[in-house]
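Chains as they are written, first to last, in the numbering used here: chain A, 1 to 156; chain B, 1001 to 1753.
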């Protein structure tokens, strides 16, 4: 039995028939072909599935797709505007904050949700923001440096 | 140098920050089927009967396969013969939780999951062997046909009895390290597809595409040229994606159904069914003079390799070779045992046996220092290996041995930190500084592990590099581009690197032993040199000079001591006009001497990396809770091809080491994993890392490395846990010989004092 759901993803309106048991992560990856958002654990433990829903960073693997009805979703594919990268994306490249890249989309979205609310966070605030995004490669230092760098360029 | 040594941006960063990088689960094909694996819930049992009839009848199921459906070889194993002891699908017996028995391909994930539940297996439970010491005795069942003690590496140098007799002080200790989980963020995934001419292509995350090709060819009974393995963007590996996981299963299902088949593990399946770090039990005895000179080291190392060999004996060999630590010890007796149990399979995990033994050798040095009233760094300096030293395997060290430099740099910083602690107020929180040192031999231990490469200099001066080296996040693609660009007089952006696609790239060793910069990098460099020399040869002929007078400068080929010069593009065009192509091939294999089976004598590596870490911790004496306040790493890397990349590896290594020291322990009870999720097996978050992290390198050229480089991936993570454990002891006098140093263990140790 499928159910109709309507929401906005990366500025585009979508209307879909979905399995009501599906998570937002399932639908983004499988029905919308937005595979940038990653499935690391399907249990809300790792943060790789982080997207922004109505301005808030959420774990899409724990979010029933029906909860997205009528909402605005931003995924990693929606960060760059046409050919221009988001300052966070520029900063991640600049600072060497990307290694295997699997945690990167989730990190970017958590960081964007922070900077949209708080354009000049402290280092501690950045750490708390990404405390739910696990990374096994970087040790977090360059990711924090990148988010701090991006906060300086978004301020301008 | 123009490119090597520069902070070039990673060539794969853009695709990763835009979400365009394709990991295996991102791949989709028309008519793709979804696979699922039926795994044993029991760690040790005979399989009496497998009934797949109900599963096969389920609508949407396209294949249900068991061991009898395997057309070729039924067993795999990382080290190859004679260690291929792991069934692709278990036939008569299961030997660990998670052992695969049947595989299903269906139209959807949901149908595949339903079908697995319909496969009926009748087991006859056997007593599991889960106690490592008991596993060595004759009183427990055999996991395989032979004895459970499946490997014994011996290192013998001098005479330890005489050494201990001469010693003024003897320190003994027993250390136990736990199961650890790699916890890469990307769970295993892959897709396999047959074409209509009998060729199969497998896209999957892996550290070793050439080994995957070989195993699929053996299992399907195909010749190697008919199997293509394309490595997908891999979301971390750390040694845990070196073994076969999804690869043979999807190949079998694609082979049987004729359709593309995708298999993706969920997190618990990834933790439960794939390999782990070997738990070690180490008994260590050190003898020294009262001046602190090491005279003798004797150690017994027992490693739990679990149900199958995988890399088992290689891990224990590496641990045995490095057991003394980076120190001169004239009398050495090491016995390292690899033991089968029904526990999770032990294989490579960042450090490959050295993190475990480093916990022991560094704690021993600290205990020795305390006994003799010496500074822990002083005693290490006094015994540190240097050019002219001989290792415990009798290898003469001739170059790029910078353990002393790492210790000297650490000593300066340690003094500042300790001074600050003296000035700080006393409370129920105590602070302490600890040090850890290590050495790590680059490349596989005494056996061949070559890499090949092709390089082509194109008409416009840009270049292609083809290498079998698997990028697993550590940055090898970028390093290879830099090495080729440097040799070819161009920028890294002008070099396209295609790696780890066996349909296109030549053989390369698996990514491991921190050896890709050194080995794959050398192969790329040699190939680039041939391409360059072909170009130079024609230019030299045209200029009437010898080839050795030519060099690249700013887009041109110049002649030493002459005004003659030609733009690179024009020189290439000149070659083309004569029908000459600027191509090169290269291969490199470290020239090692394998270990003598009785004495361990040999030269197992052609170069070693050294490192020292410092840690400052703060321990709450009321709760045992420990915060790491500062971490500093001093690493001897030969040459940093890309400093940003090296820093990233060092900082990441510190986080893994911190996890090992304070929180990482996979709980395994009677061979069953009790903590299979990331909510239960905790790895460091951003909150666990200190703000004060500094990483530094020492660059003393390794002559046999590309532009002098050695390796850093594993050295980055090895000294950290010993340093943190040492810092805890300095803070509260609690010695944790069985990491992780959880708050409960620290509190208990404080209370025991």
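Note that CB positions come from ideal geometry on N, CA and C, so glycine has one too. Predicted model only: the values in this text are computed from it and were never measured.
Per-residue burial, residue i [other beta carbons within 10 Å of its own, 16 or more giving buried]
i: residue 1322 of chain B; result: buried
i: residue 1668 of chain B; result: buried
i: residue 58 of chain A; result: buried
i: residue 1777 of chain B; result: Because chain B spans 1001 through 1753 in this model, residue 1777 of chain B falls outside it and cannot be assessed.
i: residue 38 of chain A; result: buried
i: residue 1224 of chain B; result: exposed
i: residue 1147 of chain B; result: exposed
i: residue 1333 of chain B; result: buried
i: residue 1658 of chain B; result: buried
i: residue 1555 of chain B; result: exposed
i: residue 1541 of chain B; result: exposed
i: residue 1471 of chain B; result: buried
i: residue 1082 of chain B; result: exposed
i: residue 1395 of chain B; result: buried
i: residue 98 of chain A; result: buried
Contacts that residue i makes with chain B (C-beta to C-beta distance below 7 Å)
i: residue 138 of chain A; result: 1648, 1651 and 1652
i: residue 98 of chain A; result: 1010, 1013, 1016 and 1017
i: residue 111 of chain A; result: The premise fails here: residue 111 of chain A is roughly 11 Å from chain B at the closest Cβ pair, so nothing lies under 7 Å.
i: residue 104 of chain A; result: 1016 and 1017
i: residue 46 of chain A; result: 1185 and 1678
i: residue 108 of chain A; result: 1017
Chain A contact residues for residue i, given Cβ-Cβ distances below 8 Å
i: residue 1018 of chain B; result: 36, 76, 77, 79, 80, 85 and 89
i: residue 964 of chain B; result: Because chain B spans 1001 through 1753 in this model, residue 964 of chain B falls outside it and cannot be assessed.
i: residue 1234 of chain B; result: 100
i: residue 1645 of chain B; result: 96
i: residue 1683 of chain B; result: 134 and 136
Closer than 8 Å at the beta carbon, the chain B residues around residue i
i: residue 92 of chain A; result: 1013 and 1017
i: residue 43 of chain A; result: 1267, 1677, 1678 and 1679
i: residue 144 of chain A; result: 1686
Neighbouring residues, chain A, relative to residue i (Cβ below 7 Å)
i: residue 1691 of chain B; result: 123
i: residue 1215 of chain B; result: Residues of chain A passing the Cβ test: none, with the nearest at roughly 24 Å.
i: residue 1347 of chain B; result: Result: empty, since nearest Cβ-Cβ is about 17 Å, beyond 7 Å.
i: residue 1021 of chain B; result: 101
i: residue 1514 of chain B; result: None at all; the shortest Cβ gap to chain A is about 15 Å.
Chain A residues whose Cβ lies nearer than 9 Å to that of residue i
i: residue 1502 of chain B; result: Going along chain A, no residue has its Cβ under 9 Å from residue 1502 of chain B, so there is no contact; the nearest lies around 21 Å.
i: residue 1655 of chain B; result: 135, 136, 137, 138, 139, 140 and 141
Residue i: contacting residues in chain B (beta-carbon distance under 9 Å)
i: residue 25 of chain A; result: Going along chain B, no residue has its Cβ under 9 Å from residue 25 of chain A, so there is no contact; the nearest lies around 11 Å.
i: residue 114 of chain A; result: Residues of chain B passing the Cβ test: none, with the nearest at roughly 12 Å.
i: residue 70 of chain A; result: Simply none; closest approach about 24 Å.
Q: For the stretch 1337-1356 of chain B and the stretch 1700-1708 of chain B, state whether three or more C-beta atom pairs, one from each stretch, are separated by less than 8 Å.
A: Judged by pairs of C-beta atoms under 8 Å, the stretch 1337-1356 of chain B does not touch the stretch 1700-1708 of chain B, as fewer than three such pairs exist.
Q.
Can you confirm whether the stretch 1679-1693 of chain B touches the stretch 1589-1607 of chain B when touching is taken to mean that 3 or more C-beta pairs between the two stretches lie within less than 8 Å?
A. Fewer than three beta-carbon pairs drawn from the stretch 1589-1607 of chain B and the stretch 1679-1693 of chain B are found closer than 8 Å, and the two stretches are therefore not classed as touching.
(Q) Tell me which residues of the stretch 52-68 of chain A have at least one Cβ-Cβ distance to chain B shorter than 7 Å, keeping chain order. (A) Only those residues of the stretch 52-68 of chain A whose C-beta falls short of 7 Å from the nearest C-beta of chain B would be listed, and there are none.
Q: Return the residues of the stretch 120-137 of chain A that lie within a Cβ-Cβ distance of less than 9 Å from chain B, sorted by chain order.
A: Taking 9 Å as the Cβ-Cβ cut-off against chain B, the residues of the stretch 120-137 of chain A that qualify are 123, 124, 126, 127, 128, 129, 130, 131, 132, 133, 134, 135, 136 and 137.
(Q) Counting only Cβ-Cβ distances shorter than 9 Å, please list the residues of the stretch 1182-1211 of chain B near chain A, keeping chain order. (A) The residues in question are 1182, 1183, 1184, 1185, 1186 and 1187.
Q) Name the residues in the stretch 1263-1274 of chain B whose C-beta lies less than 7 Å from a C-beta of chain A; which are they? A) Hits within the stretch, in order: 1266 and 1267.
Q. Which runs of the alpha helix (DSSP H) fall wholly inside the stretch 1082-1128 of chain B and span at least 4 residues, in chain order?
A. Those alpha helix (DSSP H) runs which fall completely within the stretch 1082-1128 of chain B and span 4+ residues are 1109-1118.
Q: Evaluate contact between the stretch 65-84 of chain A and the stretch 119-126 of chain A, counting only Cβ atoms and requiring at least three cross-stretch pairs below 8 Å.
A: Short answer: they don't touch.
Q | Whole runs of the alpha helix (DSSP H) within the stretch 1357-1427 of chain B, excluding any shorter than 4 residues | A | Counting only runs of 4+ residues, the alpha helix (DSSP H) found wholly inside the stretch 1357-1427 of chain B occupies 1376-1383 and 1403-1423, in chain order.
Q. Do the stretch 1254-1263 of chain B and the stretch 1291-1298 of chain B meet, that is, are 3 or more Cβ pairs less than 8 Å apart?
A. They do not touch, by the three-pair rule.
Q | Residues from the stretch 1460-1488 of chain B in contact with chain A, defined by Cβ distance under 8 Å | A | The stretch 1460-1488 of chain B vs chain A, Cβ under 8 Å: 1472, 1473, 1474 and 1475.
Q: Taking 8 Å as the threshold, find out whether the stretch 1236-1249 of chain B comes into contact with the stretch 1042-1058 of chain B through three or more Cβ pairs.
A: Contact between the stretch 1236-1249 of chain B and the stretch 1042-1058 of chain B is absent, because fewer than three Cβ pairs lie under 8 Å.
**Q.** Residues within the stretch 1524-1542 of chain B neighbouring chain A, beta-carbon criterion of under 7 Å
**A.** From the stretch 1524-1542 of chain B, no residue has a Cβ closer than 7 Å to chain A.
(Q) Within 8 Å, do at least three Cβ pairs link the stretch 1068-1078 of chain B to the stretch 1130-1141 of chain B? (A) Using a C-beta cut-off of 8 Å, the stretch 1130-1141 of chain B makes no contact with the stretch 1068-1078 of chain B, since fewer than three inter-stretch Cβ pairs fall below that distance.
Q: Give a yes or no on contact between the stretch 1264-1273 of chain B and the stretch 1649-1660 of chain B, applying the rule of three or more CB pairs nearer than 8 Å.
A: Not touching, per the Cβ criterion.
Q | Any beta strand (DSSP E) of 3 or more consecutive residues that is wholly inside the stretch 1679-1708 of chain B | A | Whole beta strand (DSSP E) segments, 3+ residues: 1692-1698.
Q: For the stretch 1308-1315 of chain B and the stretch 1142-1156 of chain B, state whether three or more C-beta atom pairs, one from each stretch, are separated by less than 8 Å.
A: Result yes; three or more Cβ-Cβ pairs closer than 8 Å.
Q) Which runs of the alpha helix (DSSP H), 4 residues or longer, sit entirely within the stretch 1320-1354 of chain B? A) For secondary structure counted as the alpha helix (DSSP H) over 4 or more consecutive residues, the stretch 1320-1354 of chain B holds no complete run.
Q: For the stretch 1117-1140 of chain B, enumerate the residues whose C-beta is nearer than 9 Å to any C-beta of chain A, in chain order.
A: Listed in sequence order: no entries.
**Q.** Contacting positions in the stretch 1244-1264 of chain B - beta carbon closer than 7 Å to chain D
**A.** Of the protein chains in this structure, namely A and B, none is chain D.
(Q) Any C-beta of chain A within less than 8 Å: which residues of the stretch 1024-1041 of chain B qualify? (A) Listed in chain order, the positions of the stretch 1024-1041 of chain B with a beta carbon within less than 8 Å of a beta carbon of chain A are 1025, 1026 and 1028.
Q | Segments assigned beta strand (DSSP E), at least 3 residues, entirely inside the stretch 30-76 of chain A | A | The stretch 30-76 of chain A contains these whole beta strand (DSSP E) runs: 50-53, 56-59 and 72-74.
Q: At 3 residues or longer, and completely inside the stretch 1185-1259 of chain B: list those beta strand (DSSP E) runs for me, N to C.
A: Runs of the beta strand (DSSP E) inside the stretch 1185-1259 of chain B: 1189-1194, 1200-1204 and 1227-1231.
Q.
Taking beta-carbon pairs under 8 Å, can you tell me which members of the stretch 1582-1595 of chain B lie near chain A?
A. Those would be none; no residue qualifies.
Q) Can at least three beta-carbon pairs, one atom from the stretch 1567-1583 of chain B and one from the stretch 1407-1419 of chain B, be found at a separation below 8 Å? A) Contact between the stretch 1567-1583 of chain B and the stretch 1407-1419 of chain B is absent: fewer than three C-beta pairs spanning the two stretches fall below 8 Å.
Q) Below 8 Å, can you find three or more Cβ-Cβ pairs linking the stretch 1451-1471 of chain B to the stretch 1400-1418 of chain B? A) Result no; under three Cβ-Cβ pairs closer than 8 Å.
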